[in-house]
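Peer 1: Sequences listed follow chains A and V, in order. Here the first sequence is numbered in the numbering used here, starting from 295 and rising by one per residue. Here the second sequence is numbered in the numbering used here, starting from 322 and rising by one per residue. C-beta atoms are modelled at their ideal positions from N, C-alpha and C, and glycine is treated no differently.
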Amino acid sequence: MSEPSVRTRCATTHLLLGAALTAALTVGAPLDAQTGTVTGTVRNATNGQAIAGAQVGITELSIGILSNNVGRYVLVGVPAGTHTVEVRYIGYTTESMEITVPEGGAATADFELRSDAISLEGVVVTGTAGAARRREIGNSISSISGEVFESQPIARVADALQGRTLGATILNNGGQVGAGTTIKLRGNNSVSFSNSPLVYVDGVRIRERGLIHAVEANQQTNPFDDINPADIERIEVIKGASATTLYGTEASGGVIQVFTKRGAAGRPAWSLTVDQGLNNLGHIGPSADVNPTGLGMNNCSFGGNGSFPGGDSQFPVDPSCPTSGSWLKNGYVQNYNLSVRGGAERMNYFVSAKWGNEAGVFDTGTNEQGVSRPDQGQESWNLRGNFSFAPAEGVDVRLNNYYTHKEVTWVPDGNNAEGLLLNVFRGGNDYTNDEDGKLLDMDITSVNDNFTSGVNVIWDADHGISHRFNTGVSYVRNTYFEEKPWGYFYVQQGERETRERTRRTLTFDYNGSWNRDFFGVSSTFSWGGQMYNDFLTGTTGNGRDFAGPGDKVLQSGAITTASEANSTITSGGFFLQEMIGIADRLFLTGGLRIDGHSTFGSDFGLQPYPKASVSYVISDESFWPSSFGTLKLRSAYGASGKAPGIFAAARTWTSVAGDNGRPGVTPDNLGNPDLGPERTLEWEVGLEGSTLNDRVTFEYQYYNQSTIDALIAVTQLPSAGFVGTQLENVGELSTTGHEILVNANILGMDNFSWDVGASLSTNRSRVLDLGGLESINLGWRNYVRAPTECTTEMANGGSFDGNGYVGQGCTPGEMVYFPLPAFCHDRVQNPEEVGAPRYEDQCLGATTPTRTIGLNTAVTLGGRVTMDMVWEGQGGHWLSSGTAYQNTRRSVWPLCRSTFDAIAAGNRGTLTARERALCDPSVVRYGMWTQPADFFKLRSASLNFRIPEEWLPTQLRAATLRLQGRNLLTFTDFEGVDPEAFEDGSAEVLFRQEYYNLPPIRSFLLSLKVDF
Amino acid sequence: MTAINRKTRLGSAFASAAFGALLLSACDLEVLNPGRILDEDLNTRELMPIIVSGASAEFNDIVDDYSFDIARLTDDLAGTGSYFTTGKYRRGVIDSEDGDVETAWEQAHEAAWAAGGAWERLQNVLEGDANSFDGAARLFVLMGSAHRMLGENFCEVTYDIGPLQPRTAAFDSAIAAFNQAVTIGSAAGATNFVTAAHGGIAQAQVGLGNWTAAAQSASMVPTEFVHNAIYHLTANSNVIWNESWGRAEVGVWATPAQTVYDGDPRAPYTICGQWNDTNLPPDPDMGVTPTGTCTGQGSGAHQGADGLTAHYRQDKYNEAGSDVAVVSGKEMRLIEAEAALMSNDLATFTAKINELRAHYDLDPIEQPANAGALEYPNAMDDAWSILDRERYLTLWMEGRRLWDLGRWNHPFQNGGTLIGPGASPRVSCLPIPEIECTLNPEIQNSAACT
């Protein structure tokens, strides 16, 4: 990217920030009356701690203010008389109190708010056909309150879910800044399609995963990460088909709905946050005593130490090593976020702007001409404007808009002959003759533009009838540029590739409900429908063989090629639901959704999805001792689905360039007019409640999913001619699991509070049937395997290092089921024998985590200092270290030094089969470097200090200083580079492997937040 | 309930119903994607050349893949790369579950099926004109060649979800297709396809052991004739070029082309990296020094993709669009020579070999004293050794070596190796792939699948 365009970008950013400020200043107008005041405090009802930032106001007077750092507020200019003061805070129940203000005097109103997450009165809207109280819902639903975003170190939205959302597995995919996360809810339930949940922002569906794979970096961005965390009011997460039925086809992976902040009546309330910090990566690979150079990354000019006099022969000095002596550095991070909210009785606004620049950890140095190479990292800016107005009694109209622009510069990485880590990690046995710096001459950039605009209309008509209508557009444009300059060592005449993908999703969503009460029984009848229209377009161009140096475009190449993608998919459905409430404690719900979809076969028709649930607040019964607290028992059953791919149902041909580029056509797809969605049926049973005066809250559920008519790409019989696969509804999968959560306020005093939380989620995804196929190879030894009958060999086969394999110890004749997916490859069967290893193909276990543990704790001192930590563990899965395997083949792997030495000394014959299977380059197998990948990480830690008001200028309402760190500690026995460094992980593929990817980095930030 | 309230509720219900109706009526649930072609849209006369071109593309897809896989499995090229299969293939091992076996099997079947499907469409659209359409002759050459490749490389075959058959069934199918090509090509005046079909018949007759018929068909193909699988820089590039120029997955170092036949113009190569250890075999730990001749041409600049081996880059396919011969007059002379050798006619044998060598401006050979036997490495002192050399060099990297090694029971099959250990015996033909065994009930319990 040339320098002038950078200047333009910055100027644009400043202009937009200025515009946002100007707009905000002109919207709100301060009130000025002197008739009386209302004062008081806002506290957390559970632990007694002050709540800062709560909206306190008298709506009919358009008077409002936010509580300060110690929860105190003062409403001035309140006319004498009786008024209702209302307090709202995201994630907490809304409370109100009637007060009488004396003329020229003051009234006091103190509030204690209860967390929505534990209150059965908390209202949720996701998957419920309109707003519903938690007590009415028969399935589990997780809420992440805005308090988390206010008080925790959240860099990306997915960070907020990590360790906090039951049933969610958040996979970091590598350490390059900008690499997207992968989110899975309750494991995998599809073989052929994405297992990512659907994502809605303020009722508008957005793209849930990246559009373009950054080929040379083997990563991609995720539009979900483009949402500014500081804009979020709360997130609701529903998992499994029993909860997502009303979303119909495509929702079996779950639904995440993000709600952003709204304005509030009162004067403009400004908030400015400034972050300054750094990204950093510690020692890479095996421990420093056997790996002093960190696989050549930490130290590329290593001259030797006591253990390695003269240097490390596996990692010789790289002549292109940066002057710092390392390929790594500390990357500077800076973010600036400004927001304002305010409004009047019938109209309010929330406007925000953010600019951020984050450098990665690579020291990319300079090229041969002394020019600085592109720096890995990202620059982004976000704008949001949310406006609400009430044009008539009972009608609320909300307009929500946001726009994000992000540029990510990558370093070539992963399974890539031109990847930096691949070549550095391989020491001298690489593709560059150990001058790895020349790889960094390649310029790789992703540019994302993400715009979402939506309108919500809520009409609470008379007699319990209400209507909600959401419509909006999500527009995502991803562009990818890759340039190997003229003179580049690998492609001497240079090459450039440009890819562009644009996706526009239109959402139309209506639901209505009619609430009635008769004879102590309440009835809520709901109806509605949705329609989505997805338009995807894109082009890919390639130009190669440039005439000389300089900035290029595609046509600079002597040879150019181009391709285009273009498709439109429409889906629609409607639903009916009835909920009966008895004595406001027993709720029975039944519903049906019916869907059509573009991709269904012509003979298939519509797809029905039923649901039913029961919720019973047993603690409301008279026999329940009030000292026990609250308890809700619930159970739910439901179905949702996943649609086939574009044209999977039609018989089609594709254009090809035949002889010498002349046009031709070849068979593309056989077609299947009966093709329909795969359907996931789920039942769930659980409970939730609180005890000890709400100081302890808990939740538990067991779920059982069965995916029937699973879409499997069935290989056609080769000898019949057509080669390839055809999607057929022939498979069956199952997933079961437990989820448990406990939060407790251990101590709750005025000056000291200690909260802890713990969660455990499990998922067990298995393949029950593949429609006659035995196995589907996903790549890199990841397989989807059909059940097989236990053989004597499986029952009695050897094991390696005590690690079991699928079916080990089974009873011959019984069926053995495989996880979805499973790692299968050669494992040594005679580890302790001296001699050559004997291998058997064995399936080792799941490739994605089957259990997730979350631990969090927060301590508050004096109401001003808060320390918190979030730990997360993932486990029960296996991961291959392609790095260890491929390096061993090249005799460059620190853990194998003794074996390499023995072989070099001619002592191969003295080695055990285990030693040879792991470290003998001539016989090592990929499966030998496939290991359990359990880990436990300190995801984040932060120290917050609410600055005393007396230290602040009078213009400031509150200020908080925060020191925070992310990804600080890792505990694992995995012997590869890192259990979270995934090849193509963010591309939403089922297979997993670690293959020369940069491990997740850690970051440190110092933040100052000022409210005024 | 007041009238107004009733109205409100009715209004809501009507609004909802209207919305629902609007939703359903607006749901034109059609997939729009201008990139795909529906089957029925192809049935027009003008599109028939496109159909033939597509069938050709299907066939072209397989020839370079076969050439690459067979080169790694035999002594055509040394596997110097990092693919999972490279180390295994260079030992001479390949299994029914290997993806390359599946691909080779599927591609050959699909090429034959696509040509057959195209012929059916031609008959439907062109009706009687199809029998004199040159494109139809071409389809049958493609079909016959696909069958011939199946027969030459797979130990056994099966068709149309049928029972297991000996590989000769593939040669029978090939001959039937080639004969059809001769008939239609003659009617259409498509001389090239007629000649190619005669060459194909000669190849298939070799597979059946009918040497007289093979020589007779071969004699109808002039030495300079060649019928290629066509490659193109952007449309369908040559795999061996990609794997030796784009990266260094295979190399010429340690192959007979380098160790025994060095300098023959039929097997050109460039030394991109020189071993630092001059001993044989060299110590890989001493590394490789770039010669500078291959700078900038991908990872093959100086060492194999395994990071251990000096890269000697093949130059026969020296660009992405290099074609691969499927039928050539040069091979026909070799078939005639081998037919003569089978009847111990050493004079004819020598004459045919020298016809071939003259084409390359190579010195003629003298008539060998006897038929002799094959050795490894080749001693080149008798007729069989000469035939081995000439077929190796003439058909180098054209996917034919496994067929020769297998049918000759070549001594290389007994533990022969270029780098590292070699299996004894090495594979002499490809097994039926696991996918066919799994899905085809007719062969699931056959010896080939158990």
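Identify which residue in A:V495, A:P1012, A:N338 has its Cα closest to the Cα of Y480 (chain V).
Peer 2: Your numbering for residue 480 (chain V) matches position 159 in the second sequence. Among A:V495, A:P1012, A:N338, the Cα nearest to that of Y480 (chain V) belongs to A:P1012.
Peer 1: Any contact of the region 1232 to 1252 of chain A with the region 436 to 454 of chain A, i.e. 3+ C-beta pairs under 8 Å?
Peer 2: Verdict: yes, contact present.
Peer 1: Give the interface partners of P611 (chain V) over in chain A, defined as CB-CB distance under 8 Å, in chain order.
Peer 2: Walking along the second sequence from the start, residue 611 (chain V) turns up at place 290. What P611 (chain V) touches in chain A: N727.
Peer 1: Taking all protein chains shown into account, decide if A392 (chain V) is buried (16 or more other Cβ within 10 angstroms of its Cβ) or exposed.
Peer 2: As a working note, residue 392 (chain V) is residue 71 in the second sequence. It counts as buried.
Peer 1: Grouping DSSP H, G and I as helix and E and B as strand, with all else coil, what is T316 (chain A)?
Peer 2: Position 22 of the first sequence, counted from the start, is the residue given in the question as residue 316 (chain A). Only weak support is given to the placement of T316 (chain A): the predicted model assigns it a pLDDT of 36, under 50, and the value that follows is read from those uncertain coordinates. Three-state result, T316 (chain A): helix.
Peer 1: Residue range of the beta strand (DSSP E) that K565 (chain A) falls in?
Peer 2: Numbered from its first residue, the first sequence carries residue 565 (chain A) at position 271. Note on residue identity: the sequence assigns Ser, not Lys, to residue 565 (chain A). Note, S565 (chain A): beta strand (DSSP E), 560 to 574.
Peer 1: Looking at the structure shown, is D953 (chain A) part of a helix, part of a strand, or coil, going by DSSP?
Peer 2: Position 659 of the first sequence, counted from the start, is the residue given in the question as residue 953 (chain A). The answer is helix: DSSP assigns D953 (chain A) an H, G or I state.
Peer 1: Using CA coordinates, which residue listed in A:E652, A:F518, A:R989 is at the minimum distance from E673 (chain A)?
Peer 2: The count along the first sequence starts at 1 and reaches residue 673 (chain A) at position 379. Measuring from the Cα of E673 (chain A), the nearest candidate turns out to be A:E652.
Peer 1: Compile a chain-ordered list of the residues in the region 480 to 509 of chain V whose CB is closer than 9 Å to at least one CB of chain A.
Peer 2: Against chain A - using a Cβ distance shorter than 9 Å - the residues of the region 480 to 509 of chain V are Y480, D481, I482, G483.
Peer 1: Taking the alpha helix (DSSP H) that V702 (chain A) falls in, what are its first and last residues?
Peer 2: Numbered from 1 along the first sequence, position 408 holds the residue referred to as residue 702 (chain A). From DSSP, V702 (chain A) is part of no alpha helix (DSSP H) but of the beta strand (DSSP E) over 689 to 704.
Peer 1: What's the C-alpha gap between R330 (chain V) and G758 (chain A)?
Peer 2: By 1-based counting over the second sequence, the position of residue 330 (chain V) is 9. By 1-based counting over the first sequence, the position of residue 758 (chain A) is 464. Low per-residue confidence applies at R330 (chain V): pLDDT is 48, beneath 50, and the placement is therefore not dependable, though the value from the model is reported in the following sentence. Distance between the alpha carbons of R330 (chain V) and G758 (chain A): 9 Å.
Peer 1: Whole alpha helix (DSSP H) runs in the region 682 to 728 of chain V with 4 or more residues, listed along the chain?
Peer 2: DSSP runs (the alpha helix (DSSP H)) wholly in the region 682 to 728 of chain V: 704 to 715.
Peer 1: Quick check on the DSSP output: what are the complete beta strand (DSSP E) runs of length 3 or more inside the region 971 to 1047 of chain A, in order along the chain?
Peer 2: For the region 971 to 1047 of chain A, whole beta strand (DSSP E) runs of length 3 or above, ordered along the chain, are 972 to 985, 990 to 1009, 1019 to 1042.
Peer 1: Please classify L830 (chain A) as buried or exposed, where buried requires at least 16 other C-beta atoms within 10 Å of its C-beta.
Peer 2: Here residue 830 (chain A) refers to the residue found at position 536 when the first sequence is read from its first residue. Result: buried.
Peer 1: Is there at least one Cβ from chain V nearer than 8 Å to V950 (chain A)'s Cβ?
Peer 2: Position 656 of the first sequence, counted from the first residue, corresponds to residue 950 (chain A). Cβ-Cβ to chain V under 8 Å: yes for V950 (chain A).
Peer 1: Along chain A, in chain order, which residues have C-beta atoms closer than 7 Å to that of R568 (chain V)?
Peer 2: Reading the second sequence from its first residue, position 247 is the one you call residue 568 (chain V). Chain A residues near R568 (chain V): A711.
Peer 1: Where does E1126 (chain A) sit, in a helix, a strand or coil, going by DSSP?
Peer 2: Against the first sequence, residue 1126 (chain A) aligns to sequence position 832. Here E1126 (chain A) sits in coil by DSSP.
Peer 1: Taking the alpha-carbon positions, what's the P1307 (chain A) to A511 (chain A) distance?
Peer 2: Limits of chain A in this structure are 295 at one end and 1306 at the other, which puts residue 1307 (chain A) out of reach.
Peer 1: Could you name the residues of the same chain whose beta carbon sits closer than 7 Å to that of A638 (chain A), not counting the 5 residues immediately before and after it, in chain order?
Peer 2: Counting from one through the first sequence, the residue named residue 638 (chain A) turns up at place 344. Here the set comprises S356, A559.
Peer 1: Within 10 Å of its beta-carbon, does V1159 (chain A) have 16 or more other beta-carbons around it, so buried, or fewer, so exposed?
Peer 2: On the first sequence, residue 1159 (chain A) is found 865 positions in, with the first residue counted as 1. Per the 10 Å Cβ criterion, exposed.
Peer 1: For the region 965 to 995 of chain A, which residues have a beta carbon sitting closer than 7 Å to at least one beta carbon of chain V?
Peer 2: Answer in chain order: no residues at all.
Peer 1: Using a Cβ-Cβ cut-off of less than 8 Å, give me the residues of the region 417 to 431 of chain V that come near chain A, in sequence order.
Peer 2: Within the region 417 to 431 of chain V, the qualifying residues are G420, E423, W426, E427, Q428, H430, E431.
Peer 1: Find out if the Cβ-Cβ distance for the pair A454 (chain A), P523 (chain A) is shorter than 8 Å.
Peer 2: Sequence index remark: in the first sequence, residue 454 (chain A) carries index 160 (1-based). Sequence index remark: in the first sequence, residue 523 (chain A) carries index 229 (1-based). In this structure, P523 (chain A) lies closer than 8 Å to A454 (chain A) by Cβ.
Peer 1: Taking only beta-carbon positions, decide if G413 (chain V) is within less than 8 Å of chain A.
Peer 2: Looking up residue 413 (chain V) in the second sequence gives position 92. It does not: the Cβ of G413 (chain V) has no partner Cβ on chain A nearer than 8 Å.
Peer 1: Exposed or buried, what is V847 (chain A) when buried is set at 16 or more other beta-carbons lying within 10 Å of its beta-carbon?
Peer 2: Translated into positions along the first sequence, residue 847 (chain A) becomes position 553. Its Cβ having fewer than 16 others within 10 Å, V847 (chain A) is exposed.
Peer 1: Going by alpha carbons, who is nearest to T765 (chain A) out of A:N694, A:T773, A:V815?
Peer 2: Translated into the one-based positions of the first sequence, residue 765 (chain A) becomes position 471. Ranking the options by Cα distance to T765 (chain A), first place goes to A:N694.
Peer 1: What would DSSP say about L886 (chain A), mapped onto helix, strand or coil?
Peer 2: Here the question's residue 886 (chain A) lines up with position 592 in the first sequence. L886 (chain A) falls in the strand class under three-state DSSP.
Peer 1: Interface residues of chain A around E379 (chain V) at Cβ under 7 Å?
Peer 2: Taking the second sequence and counting its residues from 1, one reaches residue 379 (chain V) at position 58. Those within 7 Å of E379 (chain V) in chain A are T960.
Peer 1: Give, in chain order, every residue of the region 1207 to 1236 of chain A whose Cβ lies closer than 9 Å to some Cβ of chain V.
Peer 2: Correct list: P1215, S1216, Y1220.
Peer 1: Between L1173 (chain A) and A1116 (chain A), how many whole angstroms is the CB-CB distance? I'm expecting something under 8 Å.
Peer 2: Working through the first sequence from its first residue, we reach residue 1173 (chain A) at position 879. Working through the first sequence from its first residue, we reach residue 1116 (chain A) at position 822. L1173 (chain A) to A1116 (chain A), Cβ: 12 Å. No contact.
Peer 1: Closest by CA to T974 (chain A), which one among A:V950, A:L1027, A:T948?
Peer 2: Along the first sequence, read from residue 1 onward, the residue named residue 974 (chain A) stands at position 680. Of the listed residues, the one whose Cα sits closest to T974 (chain A) is A:L1027.
Peer 1: Nearer than 7 Å: is that true of the beta carbon of L715 (chain A) relative to any heavy atom of the ligand FMN?
Peer 2: The model depicted lacks the ligand FMN and carries no ligand whatsoever.
Peer 1: Suppose the cutoff is 6 Å on Cβ atoms and the five residues either side in sequence are ignored; what does the same chain contact list for W1074 (chain A) look like?
Peer 2: Start at 1 with the first residue of the first sequence, and residue 1074 (chain A) comes out as number 780. Result list for W1074 (chain A): F1285, Q1287, in chain order.
Peer 1: Using only alpha-carbon positions, find the residue among A:V1218, A:T1085, A:C1084, A:R1184 that is nearest to P1125 (chain A).
Peer 2: For this step, residue 1125 (chain A) is matched to residue 831 along the first sequence. Of the listed residues, the one whose Cα sits closest to P1125 (chain A) is A:V1218.
Peer 1: Going by alpha carbons, who is nearest to G472 (chain A) out of A:S807, A:S618, A:V627, A:D1195?
Peer 2: Indexing the first sequence from 1 puts residue 472 (chain A) at position 178. Here the closest residue by C-alpha is A:V627.
Peer 1: Taking CB distances under 8 Å as the criterion, tell me whether D606 (chain A) reaches chain V.
Peer 2: Residue mapping note: residue 606 (chain A) aligns to position 312 of the first sequence, counting from 1. No, D606 (chain A) does not count as interfacial toward chain V.
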